[in-house]
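Taken in sequence, the protein lines are chains A and B.
No gaps in the numbering here: position 205 of the first sequence is 200 in our numbering, and each next residue is one more.
No gaps in the numbering here: position 17 of the second sequence is 12 in our numbering, and each next residue is one more.
Below is one structure, written out as structure tokens; comments come after it.
There are 2 protein chains.
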Amino acid sequence: MPIDDWEPPAVLLTVDLVILTLREAGLRVLLIERGVPPHQGALALPGGFLGHLGEDIEAAARRELAEEAGLGDRSLHLEQLGVYGEPGRDPRGRVVSVAYLAVAPRLPDPVAGTDASGAGWHTAESVLSGEVTLAFDHRRIVADGVERARAKLEHSSLATAFCAETFTISELQEVYEAVWGTRLDPRNFYRKVQRTEGFIVADGPSRRTENGRPARLFRAGPRTVLHPPMVRP
Amino acid sequence: MPIDDWEPPAVLLTVDLVILTLREAGLRVLLIERGVPPHQGALALPGGFLGHLGEDIEAAARRELAEEAGLGDRSLHLEQLGVYGEPGRDPRGRVVSVAYLAVAPRLPDPVAGTDASGAGWHTAESVLSGEVTLAFDHRRIVADGVERARAKLEHSSLATAFCAETFTISELQEVYEAVWGTRLDPRNFYRKVQRTEGFIVADGPSRRTENGRPARLFRAGPRTVLHPPMVRP
DNA sequence: GCCACTTACTGTCAGACTGACAAAAAGCTA
DNA sequence: TAGCTTTTTGTCAGTCTGACAGTAAGTGGC
């Protein structure tokens, strides 16, 4: 149907990052303050344009992860979330964004300051409820990212990506409780996690202490798919 | 870091469609024969460039669904699968493709002829095994689409999208068996499906006959999320 | 009309998994 | 040593699953 000299339209490609972590027992997402128009000064997801025409999209995501979030050399979970390309979502023209979901273990404070309303780790709740306003369609992207994380906690070992290399079972439980926003019975959780072969493996006879009985340390096991799954109440 | 007059690179955007259906009790995917270079004459997924700069991506997918597959007015399941934008995947330049997964009920023969090696419905097995060769990275896209369908059969009511408006429980079972590539016990399947409230609802006292005892007819119920899920053996 | 055959549907039963709860173990503080 | 906290091990009844038997309701052959 197109006439012989028809040329397909070209679009601008960006990557946006939903970076999740746990802080103070709550699910947090990293937001930056935009330094340039459009939406200058507004909060938004870290991200940016493809660097050059030959750059791989996931490579661009990792580059932004380093540049904007200071999470360069770390090995963290990174997966594609989806494409957001509705016409009109960006006043600069036809901008299509590939969103990625990243999960980071508990970290020291991020690049920028920690003003409650500035760049930094904001609770997922404040973003989803609209208490914090984001630029573009980024609130929807965060919502999709959080829902993806919630779903993957059920069927995959994603929860271990929120933890340090070694962790206790209660720390793992805190991940589930924070991401799902529910409380779980420690005894049933303990049983379930222990009986799911390959989910977590004991890390030597070491222990750790703080207040009560010392807890055994574990690390992520080889299994990535949980069968049967953890069930969200 | 970018210099002041830096301009972000522009890419070409395409949509590709993984259209799945059931034919002769097997899972099939629709392939077309490319009429223009690159890969002229090779088999590929239906799809094409964004029509114009203001076209919505999902709208483009629906347009290709109508133009290339003749599935225009039908209401069928359509969801975004992911982005495939590796540099070098398309010799025409930097082409980024948004893949969609579509699920269609059993249909009459598609647009083109039915040569075993030509355009038309090919078994998913022949594509995944490499017996049939596809252009670009389309084999990987098909693999991801099939895996997505397999996973969603567990937790959602996607299976009903493979069926006509009304269907019997054995027809629904055939969907699961074809997509998963396994055999299921009809009695346990019957029980499981019946007890999952809202998955399927009886469609009047009507029946249908062919060989054995007539089967009750059902239609898709209001529930889209299955809880507890169907389990893949 | 009776019989064989096919498919649809209803049960049964033992084992696995889950949710709710009790109790013991192992550290700390006072 | 007593009291507190948190971890770990059990218990028990209800539910769900997988394997399998048996009944119901059509077809076609004779």
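Note that CB positions come from ideal geometry on N, CA and C, so glycine has one too.
Q: For L12/A, count neighbouring Cβ atoms within 10 angstroms of its own Cβ and tell me buried if that reaches 16, exposed if not.
A: Here residue 12/A is taken as the residue at index 17 of the first sequence, counted from 1. So L12/A ends up on the buried side.
(Q) My output table needs one value for G43/B: the three-state DSSP class, helix, strand or coil. (A) Against the second sequence, residue 43/B aligns to sequence position 48. Strand at G43/B.
Q. So the beta strand (DSSP E) H72/B belongs to, where does it begin and stop?
A. Taking the first residue of the second sequence as 1, we reach residue 72/B at position 77. From DSSP, the beta strand (DSSP E) with H72/B extends over H72 to Y79.
Q: For the segment 0 to 12 of chain A, enumerate the residues whose C-beta is nearer than 7 Å to any C-beta of chain B, in chain order.
A: P3, P4, A5, V6, L7 and L8
**Q.** Nearest-angstrom Cα separation, counted from H222/A out to E190/A
**A.** As a working note, residue 190/A is residue 195 in the first sequence. As a working note, residue 222/A is residue 227 in the first sequence. The displayed chain sequence assigns Arg, not Glu, to residue 190/A. So the two alpha carbons sit approximately 11 Å from each other.
Q) From this set, G77/B, F184/B and A114/B, which residue's C-alpha is nearest P224/B's C-alpha? A) If you number the second sequence from 1, residue 224/B lands on position 229. When each option's Cα is compared against that of P224/B, the closest is F184/B.
Q) Helix, strand or coil: how does DSSP classify V174/B here? A) Residue 174/B sits at position 179 when you count from the first residue of the second sequence. Helix, per DSSP.
Q.
DSSP has E28/B in a bridge; who is on the other side?
A. Reading the second sequence from its first residue, position 33 is the one you call residue 28/B. In the DSSP output, where bridge partners are listed per residue, E28/B has L38/B.
Q: Put G115/B into one of helix, strand or coil per three-state DSSP.
A: Sequence index remark: in the second sequence, residue 115/B carries index 120 (1-based). Of the three classes helix, strand and coil, the one that applies to G115/B here is strand, per DSSP.
Q | Residues near H117/A by beta carbon distance below 7 Å, same chain, minus five either side | A | In the first sequence, residue 117/A corresponds to position 122, counting from 1. Here the set comprises R23, V24, L26 and V127.
Q | Coarse secondary structure for L60/B, derived from DSSP in three states | A | For the purposes of this step, residue 60/B is taken as the residue at position 65 of the second sequence. The answer is helix: DSSP assigns L60/B an H, G or I state.
Q | Residue range of the beta strand (DSSP E) that includes F213/B | A | Reading the second sequence from its first residue, position 218 is the one you call residue 213/B. Residues A210 to A215.
**Q.** One or two residues paired with R18/A in a DSSP bridge
**A.** Position 23 of the first sequence, counting from 1, holds the residue named residue 18/A. Looking at the DSSP assignment, R18/A forms a beta bridge with G21/A.
Q) Are any of the Cβ atoms in chain B nearer than 8 Å to that of H47/A? A) Taking the first sequence and counting its residues from 1, one reaches residue 47/A at position 52. So yes, H47/A belongs to the interface.
Q. For L48/A versus R89/B, is the C-beta distance shorter than 8 Å?
A. Walking along the first sequence from the start, residue 48/A turns up at place 53. Walking along the second sequence from the start, residue 89/B turns up at place 94. Against a cut-off of 8 Å, the Cβ pair of R89/B and L48/A comes out as a contact.
(Q) Here's the rule I'm using: 16 or more other beta-carbon atoms within 10 Å means buried, otherwise exposed. How should S152/B be labelled? (A) Walking along the second sequence from the start, residue 152/B turns up at place 157. Buried.
Q: Residues of the segment 70 to 104 of chain A with a CB closer than 7 Å to any CB of chain B: list them in chain order, please.
A: Q75, G77, V78, G80, E81, P82, R89, V91 and V93
Q) Is A197/A helix, strand or coil when you go by DSSP? A) Looking up residue 197/A in the first sequence gives position 202. It is a strand residue.
Q. How would you label P33/B, buried or exposed, when you count the other beta carbons within 10 angstroms and need 16 or more for buried?
A. The sequence position of residue 33/B within the second sequence is 38, counting from 1. Exposed, since its Cβ has fewer than 16 Cβ neighbours within 10 Å.
**Q.** Residues sharing a beta bridge with R203/A, DSSP
**A.** The residue labelled residue 203/A in the question sits at position 208 within the first sequence. BP columns for R203/A point to A210/A.
Q | Inter-stretch contact (C-beta, 8 Å, three-pair minimum) for the segment 156 to 172 of chain B and the segment 93 to 102 of chain B | A | yes
Q | Span of the alpha helix (DSSP H), counted from its first residue to its last, around V93/B | A | The residue given as residue 93/B occupies position 98 in the second sequence. Element bounds for V93/B: not the alpha helix (DSSP H) but the beta strand (DSSP E), V90 to V98.
Q. Which whole-angstrom value describes the C-beta separation of L167/A and A154/A, a residue pair presumed to lie in contact below a C-beta threshold of 8 Å?
A. Locating residue 167/A in the first sequence gives position 172, where the first residue counts as 1. Locating residue 154/A in the first sequence gives position 159, where the first residue counts as 1. Confirmed, Cβ separation roughly 6 Å.
Q | Where D51/B falls: helix, strand or coil (DSSP) | A | As a position in the second sequence, residue 51/B is number 56, starting the count at 1. Here D51/B sits in coil by DSSP.
Q: Count the other C-beta atoms from every protein chain shown that fall within 10 angstroms of the C-beta of G108/A, then say buried if there are 16 or more, exposed otherwise.
A: The residue given as residue 108/A occupies position 113 in the first sequence. Low confidence applies to G108/A: its pLDDT is 48, below 50, so where it sits in the model is not reliable enough to give any reading.
**Q.** Rounded C-alpha distance that separates H133/B from P181/A
**A.** The count along the second sequence starts at 1 and reaches residue 133/B at position 138. The count along the first sequence starts at 1 and reaches residue 181/A at position 186. Cα to Cα, the separation comes out at about 46 Å.
Q. Thinking C-alpha only, which one of A138/B, V174/B, R69/B and R211/B is nearest P228/B?
A. Taking the second sequence and counting its residues from 1, one reaches residue 228/B at position 233. Selected option, being the one with the closest Cα: V174/B.
Q. Going by the CB atoms, is the gap between A94/A and L71/A shorter than 8 Å?
A. As a first step, residue 71/A must be located in the first sequence, where it is residue number 76. As a first step, residue 94/A must be located in the first sequence, where it is residue number 99. No, they are not a contact pair.
Q: Using 10 angstroms around the beta-carbon of P217/A, count the other beta-carbons present and answer buried if the total reaches 16, otherwise exposed.
A: As a position in the first sequence, residue 217/A is number 222, starting the count at 1. Exposed is the call here.
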